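Okay, structure first, notes after.
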Amino acid sequence: MTAAIVTETLELAKDLIARRSVTPHDAGCQALIGARLAAAGFTCENLRYGEVSNLWARRGRVPPLLCFAGHTDVVPPGPLDQWQSDPFLPTIRDGRLYGRGAADMKSSIASFVTATEAFARERPGHSGSIAFLITSDEEGPSVDGTARVVERLKQRGESMDYCIVGEPSSVEALGDSIKNGRRGSLSGRLTVRGIQGHIAYPHLGRNPIHLIAPTLAELVATRWDEGDEHFPPTSWQVSNIHGGTGATNIIPGSIEIDFNFRFCAKSSEQSLKQRLEDILRKHGLDYGIQWILSGRPFVTRSGELVEVVRRAVFEHTGRTPELSTAGGTSDARFIAQICSQIVELGPVNATIHKLNENIELAALEQLPGIYLDVLRALLP
Ligand SMILES: [Zn+2]
């Protein structure tokens, strides 16, 4: 790892943080990344859908294809007066780089770029191909970003062999944890209908709150599956209940319940829908449900990519990363449709989406070297 790459990575991370790319805006980040990649021999395509900017860049035409994926958008900074320094003025303090996106995930993107530039200089005739899939819609609805680019790649018959997503996967120190999969997410809005009436004449009404109570108890107690070696058991959680008119003398006519499954590969969208509705029917409820599937579970089992990433992390940090599928969804769920081996590896996530988001400079110095070693190992 040369000193030059360390400096270049810090400078690029700062340039990216200084661009106010609050989701879905890209604020010129992708133009900057694209220009660097074009100079390193990439063919760049800007794919714009609605307000969302996407960059697909590729160097080489032959397999295997290793893709670096990530996002340039950031979440809003929140109250500015509670930041110790301006979130869009990258600032170094106490051995850390502060700014919105420092950890999620502009430092990873800067490291992808400088590692790739170094690799293209060092091995201009490398085997295989390298790609970048960068979106400005990961922190928002995630509709016009990676999902749309993957659709387009599918139509063109393009697929990937390996993908590294730069999401902040680490927990306490860089590389202590990498994600080799994610749970699925299935949400529902349940409406249970009763009969509205005066609370003093309950025989004339039908109270949906009373009707749902034993059903909810059963749903909460249900063991949906046992999980497996990669995933914890599927969980079911209620996020909102709305019932009642505000008046204290009315039996409500209906209630609404929002719930979510975080599910593992032992269950499927269909099996969970079926089992939940079986319980509702058993309790004789008059109900309707609107379902939204936002991601299916996927997992990259131990194999070439996981091993190469683990070795590279160990070389640079002395840590052996633990494999994890915990946390929320990420764009990896879309990429999984066209790529069989995906690993998420990035900085510590302790300050992401928070005030005073930051990355340790020591980690920023190690990250490009790790990505560079992955390139060297997979595209000799
Ligand atoms: Zn992120």
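The letter at position 367 of the sequence shown is residue 382 when you use our numbering, and the numbering goes up by one with no holes. Yeah, the Cβ is synthetic: ideal placement off N, Cα and C, and Gly gets one too. Here the structure is a predicted model, which is why all the values come from computation and not from measurement.
I think residue i touches residue j, with their Cβ atoms under 8 angstroms apart; what is that distance to the nearest whole Å?
i	j	result
D483	G160	In this structure the chain extends from 16 to 395, so residue 483 is not present and cannot be described.
H86	T150	5 angstroms
E66	P39	5 angstroms
E359	E182	5 angstroms
P362	S122	6 angstroms
S272	I227	For clarity, residue 272 is Ile in the given sequence; the question names Ser instead. Rounded, the Cβ-Cβ distance is 7 angstroms, consistent with contact.
A135	G56	6 angstroms
S185	N69	Actually they do not touch by this definition, with Cβ atoms about 26 angstroms apart.
P105	L112	6 angstroms
V207	I270	5 angstroms
L62	R171	12 angstroms between Cβ atoms; not a contact.
L379	L25	6 angstroms
R334	A118	Going by Cβ atoms, the distance from R334 to A118 rounds to 17 angstroms, so no, they are not a contact pair.
Would a C-beta distance cut-off of 7 angstroms place residue i and residue j closer than the cut-off?
i	j	result
P92	G143	no
V90	S36	no
L148	C44	no
N195	V77	no
G268	Q211	yes
A125	A18	no
I20	P383	yes
G190	T332	yes
A146	F103	no
I224	G258	yes
W71	V164	yes
R197	R348	yes
H141	L394	yes
V323	V389	yes
L376	G110	yes
S192	S339	yes
R242	N222	For the sequence presented, residue 242 should be read as Gly rather than Arg. Taking 7 angstroms as the Cβ cut-off, G242 and N222 do not qualify as a contacting pair.
N275	Q252	yes
Y302	F127	no
For a cutoff of 7 angstroms on Cβ pairs, would you count residue i as touching chain D?
i	result
V21	You won't find chain D in this structure, because it holds only one protein chain.
Around ligand 1, which residues pass a check of Cβ closer than 6 angstroms to any of its heavy atoms?
-> Cβ atoms closer than 6 angstroms to ligand 1 belong to H86, D119, M120, E153 and E182.
State whether the stretch 350 to 357 contacts the stretch 176 to 192, with contact taken as three or more CB pairs (one from each stretch) at a distance under 8 angstroms.
-> They touch, by the three-pair rule.
Just checking, does the stretch 357 to 375 make contact with the stretch 297 to 312 on the three C-beta pairs under 8 angstroms criterion?
-> These segments do not touch.
Determine contact between the stretch 213 to 233 and the stretch 316 to 324, defined as no fewer than three beta-carbon pairs at a distance below 8 angstroms.
-> At 8 angstroms Cβ cutoff, the stretches do not touch.
Say whether the stretch 283 to 303 touches the stretch 194 to 208, bearing in mind that this needs 3 or more beta-carbon pairs closer than 8 angstroms, one atom from each stretch.
-> Yes, since at least three Cβ pairs between the stretch 283 to 303 and the stretch 194 to 208 fall closer than 8 angstroms, the two stretches touch.
Is the stretch 237 to 257 close to the stretch 268 to 288, with three or more CB pairs under 8 angstroms?
-> Taking 8 angstroms as the limit for Cβ pairs, the verdict is that the stretch 268 to 288 does touch the stretch 237 to 257.
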